[in-house]
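Per UniProt numbering, the sequence shown starts with residue 1, numbered consecutively. Below is one structure; the comments refer to it alone.
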Amino acid sequence: MLPAMKTVEAEEEYAEDCPELVPIETKHQEKEENLDFIIKIPVTIVTGYLGAGKTTLLNYILTEQHNRKIAVILNEFGEGNAVEKSLAVSQGGELYEEWLELRNGCLCCSVKDNGLKAIENLMQKKGKFDYILLETTGLADPGAVASMFWVDAELGSDIYLDGIITVVDSKYGLKHLTEEKPDGLVNEATRQVALADMILINKTDLVSEEELNKLRTTIRSINGLGKVLETQRSSFFLPVVLFIKSIVTVTFDVPGSAEEESLNVFIQNLLWEKNVKNKDGRCMEVIRLKGLVSIKDKPQQMIVQGIHELYELEESRVNWKDDAERACQLVFIGKNLDKDILQQLFITAVAETKEQTTAPGQDGACPPH
Ligand SMILES: Nc1nc2c(ncn2[C@@H]2O[C@H](COP(=O)(O)OP(=O)(O)OP(=O)(O)O)[C@@H](O)[C@H]2O)c(=O)[nH]1
Ligand SMILES: [Zn+2]
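Here it is, written out as structure tokens:
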């Protein structure tokens, strides 16, 4: 099958209902930002040895009821010399024909130069997708495909790599994974499993429990951290696989004022030091921060804006009417965020009582990102 792109859209809406700050003086709220421009589109790379069930997985996702506009880029064999590949785009039940321009005809080989550009162009034409799934050829090294997203992170792309899913064939997986390659050659199957954030052991209907156990053990020895799921026809509960690094929104409102310096320390711990953890011990990662805060001794309402590591605190043109109305309202969008911990940390670190104690979630450093 030629590389093909399909999109599906279903009616229900999903968690893009980012709570907006409710300004105390609505009429002074100048430009209300549309978070669509800030939230990046996740891309999941789907890899797996030839015939493991990648296309089955993607077709399953396309036909499964969900509430997202998902673009699926199928890249079955990736050979051929055509400069342009035809894409089937199905959106809202209608089928469109699209052209994805690829320099050498194969998405996997083109990603480093213009594969990403092609996806972005398509998004410009078709409107933003909520999610992009990208199938690599069975022999592709997902590391090469993944690297285009690292390169692009600095260029400020609209899309980011959410994770790598590797589909493993229950019947032949063990053979592929243990195959000895001639000196100097990597075993693609092993590499695909090693790099995966999630591993689907597919076609479990074809093997005994004993064979399955062996495969499971081998997979675990190659990749001790990835999530492992067992499937038939690559089907599973959809939310488990999408948004592997899922983005959450946390918002809270704390009455009173903050010391400016303490507020800076609180924000810097989150955005720069990244040493704040959630209940599972995972580091919170803030992608977007907005806030309307009261700073001690400042008559104006202050606005905090943050994107990734950058943030600023600026004065608004609105003054607090009286001390009773002073409060700090904050919205965080990111990964592994936990409202209770963030709010408690904020209260402990920022409240006027200057006594700084170790707040929950701040015990021990997180590894650098
Ligand atoms: N018995 C069985 N067959 C399956 C299962 N999942 C997929 N298949 C079949 O396995 C074959 C290969 O599936 P694909 O989804 O095309 O595999 P693929 O990884 O996309 O293959 P390539 O693109 O060639 O690398 C198809 O005939 C599927 O119908 C399963 O759970 N059980
Ligand atoms: Zn396929």
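For glycine and all other residues, C-beta sits at the position ideal for the given N, C-alpha and C.
Range of the contiguous alpha helix (DSSP H) that encloses residue i
i: GLY173; result: 173-178
i: GLU209; result: 209-222
i: GLU285; result: No alpha helix (DSSP H) contains GLU285, which is instead part of the beta strand (DSSP E) from 285-294.
i: ALA189; result: 188-194
Residue i versus residue j: straight-line alpha-carbon distance, rounded
i: ASP340; j: ILE347; result: 11 Å
i: PHE266; j: VAL350; result: 7 Å
i: GLN192; j: VAL168; result: 9 Å
i: LYS298; j: PHE252; result: 21 Å
i: ILE287; j: LEU58; result: 28 Å
i: LYS214; j: ALA189; result: 16 Å
i: LEU212; j: MET123; result: 41 Å
i: TYR172; j: PHE332; result: 45 Å
i: GLY127; j: LEU139; result: 31 Å
i: LEU206; j: ALA146; result: 31 Å
i: ILE199; j: THR218; result: 12 Å
i: GLN268; j: GLU285; result: 12 Å
i: GLU135; j: GLU273; result: 35 Å
i: residue 389; j: LYS296; result: The requested residue 389 is not part of the displayed model; the chain covers only 1 to 369.
i: GLU94; j: LYS203; result: Note that GLU94 has pLDDT 41, beneath the 50 cutoff, so the model's placement of it is unreliable and the number below is only indicative. Each residue's Cα considered, the two are about 31 Å apart.
i: residue 370; j: THR44; result: Outside the displayed range of the chain (1 to 369) lies residue 370, so it cannot be described from this structure.
i: LEU289; j: ILE132; result: 25 Å
i: GLU315; j: ALA144; result: 45 Å
i: ASN336; j: PRO182; result: 42 Å
i: ASN275; j: GLU210; result: 43 Å
i: SER257; j: GLY291; result: 13 Å
i: GLY306; j: GLN343; result: 17 Å
DSSP bridge partner residues for residue i (one or two, in chain order)
i: TYR160; result: PRO42
i: MET302; result: VAL293 and GLU315
i: LYS277; result: CYS283
i: residue 370; result: The requested residue 370 is not part of the displayed model; the chain covers only 1 to 369.
i: GLY48; result: VAL167
i: LEU310; result: ILE307
Residue i: first and last residue of the uninterrupted beta strand (DSSP E) it sits in
i: ALA349; result: Unbroken run through ALA349 is the alpha helix (DSSP H), 339-350; no beta strand (DSSP E).
i: GLY334; result: 327-335
> Which ranges would you report for the beta strand (DSSP E) in the segment 243-275 if only whole runs of at least 3 residues count?
Replying inline: 247-255
> Is the segment 310-321 close to the segment 221-237, with three or more CB pairs under 8 Å?
Replying inline: no
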